[in-house]
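Reminder that position 14 of the sequence shown reads as 14 in UniProt numbering, one-by-one numbering, no gaps.
Note that CB positions come from ideal geometry on N, CA and C, so glycine has one too.
Inspection log for the structure reproduced underneath, given as structure tokens.
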Amino acid sequence: MKAWSIITSAFPKCLTVFLFIYTGSVTVLDVRVLPISLTIAMAGLCMSLSLYTYFKVIRTGAGSPLDFPELRIDNVDAADEGVELPPPFLSKRSVTLKRNGRFRFCRVCAVWKPDRCHHCSACKKCFLKMDHHCPWFASCVGYANQKYFVQFLIYGTVFSILIFLLSGTELLLWFKNQRYNQEMIQLPLLVVWILSVAISISMLAFTSYTVYLITKNQTTIEMYEWSNLKAEANIMDEVRGTNTFEDKNVFDLGSASLNWKYVMGETWLEWLLPIPTFSQVRSRHTLDESGLYFKINQDFQEQIFDSIDLQERLMRRLTPRSSFEQSNVATNNQYRSSPIPS
Numbered sequence: 001m002k003a004w005s006i007i008t009s010a011f012p013k014c015l016t017v018f019l020f021i022y023t024g025s026v027t028v029l030d031v032r033v034l035p036i037s038l039t040i041a042m043a044g045l046c047m048s049l050s051l052y053t054y055f056k057v058i059r060t061g062a063g064s065p066l067d068f069p070e071l072r073i074d075n076v077d078a079a080d081e082g083v084e085l086p087p088p089f090l091s092k093r094s095v096t097l098k099r100n101g102r103f104r105f106c107r108v109c110a111v112w113k114p115d116r117c118h119h120c121s122a123c124k125k126c127f128l129k130m131d132h133h134c135p136w137f138a139s140c141v142g143y144a145n146q147k148y149f150v151q152f153l154i155y156g157t158v159f160s161i162l163i164f165l166l167s168g169t170e171l172l173l174w175f176k177n178q179r180y181n182q183e184m185i186q187l188p189l190l191v192v193w194i195l196s197v198a199i200s201i202s203m204l205a206f207t208s209y210t211v212y213l214i215t216k217n218q219t220t221i222e223m224y225e226w227s228n229l230k231a232e233a234n235i236m237d238e239v240r241g242t243n244t245f246e247d248k249n250v251f252d253l254g255s256a257s258l259n260w261k262y263v264m265g266e267t268w269l270e271w272l273l274p275i276p277t278f279s280q281v282r283s284r285h286t287l288d289e290s291g292l293y294f295k296i297n298q299d300f301q302e303q304i305f306d307s308i309d310l311q312e313r314l315m316r317r318l319t320p321r322s323s324f325e326q327s328n329v330a331t332n333n334q335y336r337s338s339p340i341p342s
């Protein structure tokens, strides 16, 4: 089993690296439509950025609630019964609940699950703002590496289109100039052109879809499970007496530009380079920008966070009456007097 796990993890990485190096090398060696130095510069830059962000996605990882000791659950059964509660910084910022009205947690990992957090059955671990498990990376895409994943798709799409144009032009000139009368077609170049056609189409389609989701501030999981998310969120609405989730994604900040900047950063430099966003760097010593809670639509923010007694009402309505619970109420009331994290 361990050997099979190593194979399934190593194979997509080896295949990806091979495809980039093979297509780039054949293009540089066999294409003469541009000066070789320019071909090397263009193909080399795109390939380097693509491979760097590819391994940056894997090395960075999606981020997990297991990385935060505050989210560990001491007793899963107590959490299920509503006796053990999540830390106030999470409960006061969570906008989704379980179907039974309690805070979301994972029995397997024994941690509280922030909004947009999901357990990956392939990785056997919870990830923050999980988007999907990608077989091409043999890992998950989520909060911490989503920006690098988008950049990899963009770099990879540009590289595949560049290879398609260069190899296609070379083959077109081979036919147009009737060079087939003197020489055989270069089979490696033909193979690269066919690969570039298939990869360019698939990469362009998936990149466009991913960018679209970013502009909606929606993950792949949320897109497929929107009805379930609404059902969970409506429980919170019922407690608040609001109607925020009827027909709109609460994480949509109101415009494609704001949603894009929230994930990719505020400046062109952050968009183009595989570096952390400046906001993440500024907040590296706090819980902000950690994937534990998220900005929400401004139209809903006042409705949600003006209910300063939300935690107390939830506990009074949903948790069992016990001495342990009373001690939790007292503790949370102390936190409630402090401002909500921004």
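Return helix, strand or coil for residue i, following the three-state DSSP convention.
i: residue 164; result: helix
i: residue 9; result: helix
i: residue 72; result: strand
i: residue 256; result: helix
i: residue 18; result: helix
i: residue 126; result: strand
i: residue 46; result: helix
i: residue 60; result: helix
i: residue 144; result: coil
i: residue 184; result: coil
i: residue 216; result: helix
i: residue 157; result: helix
i: residue 33; result: coil
i: residue 248; result: coil
i: residue 65; result: helix
i: residue 195; result: helix
i: residue 170; result: helix
i: residue 83; result: coil
i: residue 178; result: coil
For residue i, tell me which candidate among the options has the shortest Cα-Cα distance.
i: residue 182; options: 117, 174, 189; result: 174
i: residue 221; options: 139, 267, 131, 274; result: 131
i: residue 42; options: 162, 69, 80; result: 162
i: residue 217; options: 21, 12, 261; result: 261
i: residue 6; options: 64, 123, 276; result: 123
i: residue 167; options: 197, 151, 143; result: 197
i: residue 55; options: 223, 179, 147, 73; result: 147
i: residue 258; options: 46, 215, 281, 299; result: 215
i: residue 345; options: 47, 92, 50, 110; result: Summary: the structure shown does not reach residue 345, with the chain confined to residues 1 through 342, and so no result is reported for it.
i: residue 112; options: 78, 177, 280, 224; result: 78
i: residue 31; options: 213, 171, 201; result: 171
Would you kindly check if the distance between the Cβ of residue j and the Cβ of residue i is under 8 Å?
i: residue 169; j: residue 33; result: yes
i: residue 115; j: residue 95; result: yes
i: residue 125; j: residue 71; result: no
i: residue 145; j: residue 60; result: yes
i: residue 139; j: residue 203; result: no
i: residue 98; j: residue 107; result: no
i: residue 127; j: residue 64; result: yes
i: residue 278; j: residue 289; result: no
i: residue 62; j: residue 143; result: yes
i: residue 129; j: residue 120; result: no
i: residue 207; j: residue 157; result: yes
i: residue 150; j: residue 264; result: yes
i: residue 53; j: residue 276; result: no
i: residue 343; j: residue 50; result: Only positions 1 to 342 of the chain appear in this structure, which leaves residue 343 out of reach.
For residue i, write down the residues that DSSP places opposite it in a beta bridge.
i: residue 139; result: 134
i: residue 112; result: 105
i: residue 119; result: 126
Should residue i be flagged as near chain C, meaning a C-beta pair shorter than 8 Å?
i: residue 267; result: Given the protein chain composition of this structure (a single chain), no chain C is represented.
Q. Is the region 11-27 close to the region 182-194, with three or more CB pairs under 8 Å?
A. yes
Q.
Closer than 8 Å is the cut-off here; do at least three beta carbon pairs connect the region 251-258 with the region 291-298?
A. yes
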